[in-house]
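For the sequence shown, our numbering assigns the number 1 to the initial residue and increments by one for each residue that follows. Just below is one structure, and these are the notes that go with it.
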Amino acid sequence: MAVLDILTYPNESLKQVSETVEVFDQSLKDFIDDLEETRLAGPGAVGIAAPQVGKFIRAVIVDVSNMKRPVPNHGHMVLINPEITRWDGYEMGREGCLSVPDYTGNVIRANNIVLQAMDQHGESHEYEMEGFEARAVQHEIDHLDGLLFLDRVVSRRSDIFRRKVYKKSGKK
Numbered sequence: 001m002a003v004l005d006i007l008t009y010p011n012e013s014l015k016q017v018s019e020t021v022e023v024f025d026q027s028l029k030d031f032i033d034d035l036e037e038t039r040l041a042g043p044g045a046v047g048i049a050a051p052q053v054g055k056f057i058r059a060v061i062v063d064v065s066n067m068k069r070p071v072p073n074h075g076h077m078v079l080i081n082p083e084i085t086r087w088d089g090y091e092m093g094r095e096g097c098l099s100v101p102d103y104t105g106n107v108i109r110a111n112n113i114v115l116q117a118m119d120q121h122g123e124s125h126e127y128e129m130e131g132f133e134a135r136a137v138q139h140e141i142d143h144l145d146g147l148l149f150l151d152r153v154v155s156r157r158s159d160i161f162r163r164k165v166y167k168k169s170g171k172k
């Protein structure tokens, strides 16, 4: 397994639309392992999409199960060719992104979604999601369509914020 380089804004490749996964072979499974290793190496990342590492296929990983406050969720999910089939209720929320490391932003997303996706073995699944998990999945699917949260903020003047950097205090 390897930690892959993450493309960051304003890299134009991040605007590329990803291709549907047709072949579920060992090379896909190996890539998913590398993608997960990369997610875990990031600063508290709950999700990562293949395009963020320069592979333009419809594959994402989302895991919100380690959130500080418990939220209903499906645990660790590998989502191949994900498609939202139903959504309702909208809510504004703050988002960050590995590909936009210096900023966060307020984005309106559906609060409840139904998702169809395959796993890395090619098995089909349907998920009903709400709250933060639904937000995280929508954020990652946007990457597959060449969108960043910056493309979804209501106002670039009032809804984008410089990320706070916390330094660890070291005792001498």
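Positions of the beta carbon are idealized from the N, C-alpha and C atoms, including for glycine.
Range of the contiguous alpha helix (DSSP H) that encloses residue i
i: residue 131; result: 131-144
i: residue 12; result: First-last for residue 12: undefined, no H or E at that position.
i: residue 48; result: First-last for residue 48: 47-49, but that is the beta strand (DSSP E), not the alpha helix (DSSP H).
i: residue 31; result: 26-41
Outcome for residue i when other beta-carbon atoms lying within 10 angstroms are tallied against a minimum of 16
i: residue 184; result: Since the first residue shown for the chain is 1 and the last is 172, residue 184 is missing from the structure and cannot be characterised.
i: residue 149; result: buried
i: residue 2; result: exposed
i: residue 73; result: buried
i: residue 77; result: buried
i: residue 81; result: buried
i: residue 151; result: exposed
i: residue 83; result: exposed
i: residue 10; result: exposed
i: residue 60; result: buried
i: residue 175; result: This structure cannot settle anything about residue 175, because the visible part of the chain is limited to 1 through 172.
i: residue 19; result: exposed
i: residue 88; result: exposed
Segment limits, beta strand (DSSP E) that includes residue i
i: residue 104; result: 100-118
i: residue 162; result: 160-162
Cβ neighbours of residue i in the same chain (closer than 8 Å, five flanking residues each side left out)
i: residue 163; result: 96, 101, 102, 103, 104
i: residue 153; result: 105, 106, 107, 159, 160
i: residue 90; result: 108, 109, 110, 111
i: residue 168; result: Legend: pLDDT at residue 168 = 44, less than 50; position of this residue unreliable, no value from coordinates given.
Residues sharing a beta bridge with residue i, DSSP
i: residue 95; result: 105
i: residue 88; result: 112
i: residue 149; result: DSSP output for residue 149 lists no bridge partner at all.
i: residue 59; result: 80
i: residue 126; result: 116
i: residue 19; result: 57
Other residues of its chain near residue i: CB distance less than 6 Å, five sequence neighbours each side excluded
i: residue 29; result: 120
i: residue 16; result: 56, 146
i: residue 4; result: 34, 38, 53
i: residue 79; result: 60, 117
i: residue 141; result: 82
**Q.** Segment contact, 8 Å Cβ cut-off, at least three pairs: the segment 31-42 with the segment 121-140
**A.** no
Q. Three or more C-beta pairs closer than 8 Å, one from the segment 105-113 and one from the segment 14-34: is that the case here?
A. no
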